[in-house]
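Student: Every number in this note's numbering is 983 more than the matching position in the sequence shown, counting from 1.
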Amino acid sequence: MTAPSSTHPGTPAATVPRTTSFTHDWADGDDGEDLATRIVEAVAEITDQDETRVERLYDRLDPDSLNSLFSRTDANRYAGDGLVMFTLEGCTVTVYGSGLVVVQRA
């Protein structure tokens, strides 16, 4: 994740960031589970709640499929211009083919 914020569950809402982002490296062999964990951590940060309280990402999409969609294992395929957008806990999560993941609170 980008520079971690200093917010913790229970922090006044005015100090909780509305947007956070991080970069995922599709080529480094990370599995979908790692990306899913990072997305849940970002949503927990934005919604100011414990990660265990965030709704299950698996109820929204299959993280392995997300990883496969942007995988660079096929040298003839470039997914840098693609993106997938979904909601989780009232946040908009946008995953770009470039590896940028942006989580924004509504």
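Backbone N, C-alpha and C fix where the C-beta goes; we use that ideal spot for every residue, glycine too.
Can you have a look at Glu-1034 and say buried or exposed, based on whether 16 or more other CB atoms are within 10 angstroms of its CB?
Tutor: Stepping through the sequence shown from its first residue, residue 1034 is reached at position 51. Label assigned to Glu-1034: exposed.
Student: Just to confirm my understanding: we take Thr-1006, look at its own chain, exclude 5 residues before and 5 after, and list those with CB closer than 6 Å. What are they?
Tutor: On the sequence shown, position 23 is the one that residue 1006 refers to. Excluding positions up to five away in sequence, the list reads Gly-1082 and Leu-1083.
Student: What residues in its chain sit with their C-beta under 8 Å from that of Val-1026, if we drop five residues either side in the sequence?
Tutor: Here residue 1026 refers to the residue found at position 43 when the sequence shown is read from its first residue. Val-1037, Leu-1071, Glu-1072, Cys-1074, Val-1076 and Val-1086.
Student: Closest to Asp-1045 by C-alpha separation, out of Glu-1028, Ile-1022 and Asp-1031, would be which residue?
Tutor: Residue 1045 sits at position 62 when you count from the first residue of the sequence shown. Asp-1045 has its Cα closest to that of Ile-1022, out of Glu-1028, Ile-1022 and Asp-1031.
Student: Taking the alpha helix (DSSP H) that Ser-1051 falls in, what are its first and last residues?
Tutor: Start at 1 with the first residue of the sequence shown, and residue 1051 comes out as number 68. Its alpha helix (DSSP H) spans residues 1046-1052.
Student: At which residues does the beta strand (DSSP E) containing Ser-1081 begin and terminate?
Tutor: In the sequence shown, counting from the first residue as 1, residue 1081 sits at position 98. Note, Ser-1081: premise wrong, no beta strand (DSSP E); not H, not E.
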